[in-house]
Ligand SMILES: [Zn+2]
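Printed below as a string of structure tokens:
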């Protein structure tokens, strides 16, 4: 324990000292560091055991200890590492109210200069649990949160990261959602249906930056590309590509092995984006729901084919002025019938696309 306290003291002292020490000549800074290293042995060559002890301490009582401000969740949250820098947690397959709101995925990228989080889950309690998971692998600060899109299951945890000083990046279109009546009525509904995990203290977080085009940045030697997709699944969607690891966080524009909820998506733009993504040489793809894709290109292709089917069948009906019911019954859904969520989602998806195709045809 004495040894642990020394490691924490040593490393944190260096962090705290750095801004002040910059005013000193480099020589004195070096002498101070060398003395600290000599005294406490924090020479950057710590054993695995020391590192895991340090992380355990950081999680429970260290300077970056996770504050338990929100009611803990009972659902299991398992951390998966998909590549050198990338981790994610996978939400349950069912509906939000059966799973304490844990139905979407979130992930993070660990670098030597901080952590970038992708999506913030469906309640502050879930984000607090995610933060605990992050603290099992790194004590680096959370510098940014990239939000795939502003839908309830991905954003109600944002306040946890905002309170830690992270910069929140959202796709253009998020401001439309935040200003909408739907955003506020959805939060009210969730305060009721997901109590106590979503409650009066849960707030809609205003992003620090709206992204409207490709946005590249590097952190700790890891190159990251945020791709703005326009309105695909929602008013604004974006993905995060971790270039070093060739891993893509796709948000809700790809659903691995299940039928997506199309909602108010612009399926024409969505399809364009999917066709572009099929050409990327991905090592892994982490969707907004469901497991990381074992075959990323196949996952993209499945979603692309499903949307093509919807647009084909419903587009023909809209053009021929066929009633929706007849067109829906006549369409051959065979390729997708066996997929999870088909029963729950397909009919509504088809109807949404039918309505949007009528509008497209009138354009
Ligand atoms: Zn979602």
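Residue numbers (the numbering used here): 1 to 363. We treat Cβ as the ideally placed atom computed from N, Cα and C, and that holds for glycine.
In this structure, 95 is the residue among 168, 91, 95 with its C-alpha nearest to the C-alpha of residue 344.
Relative to ligand 1, the beta carbon of residue 151 is positioned inside 6 Å of a heavy atom. Secondary structure note for residue 213: it is in no alpha helix (DSSP H), with a DSSP letter that is neither H nor E. Between the C-alpha atoms of residue 100 and residue 197 there is a straight-line separation of about 7 Å.
Here the alpha carbon of residue 204 sits roughly 37 Å from the alpha carbon of residue 312. Pairing residue 266 with residue 232, the inter-Cα distance amounts to about 5 Å. When DSSP states are grouped into helix, strand and coil, residue 241 belongs to the strand group. Taking C-beta separations shorter than 8 Å and ignoring five residues to either side along the sequence, the partners of residue 66 in its chain run 59, 128, 131, 132, 135, following chain order.
From the listed residues 328, 261, 327, the smallest Cα separation to residue 303 is found for 261. With a threshold of 6 Å, the Cβ atom of residue 315 does not count as near ligand 1, since no heavy atom of the ligand is closer than that. Here the segment 233-251 does not lie against the segment 317-334, with fewer than 3 beta-carbon pairs under 8 Å apart.
Leaving aside the five residues that flank residue 317 on each side, the residues in its chain whose CB is nearer than 6 Å to its CB run, in chain order, 327. Burial state of residue 341 is buried, judged by a 10 Å Cβ sphere holding 16 or more other Cβ atoms. Each residue's CA atom was taken as its position, placing residue 184 and residue 175 some 13 Å apart. Sequence-distant Cβ neighbours of residue 143 in its own chain, meaning closer than 8 Å and more than five residues away, are 113, 114, 115, 116, 166, 167, 219. With contacts defined as CB atoms closer than 7 Å, residue 126 and residue 73 qualify as a contacting pair.
Put simply, the segment 223-231 touches the segment 264-279. At least three CB pairs are less than 8 Å apart. At the C-beta level, residue 139 and residue 64 come within 7 Å of one another.
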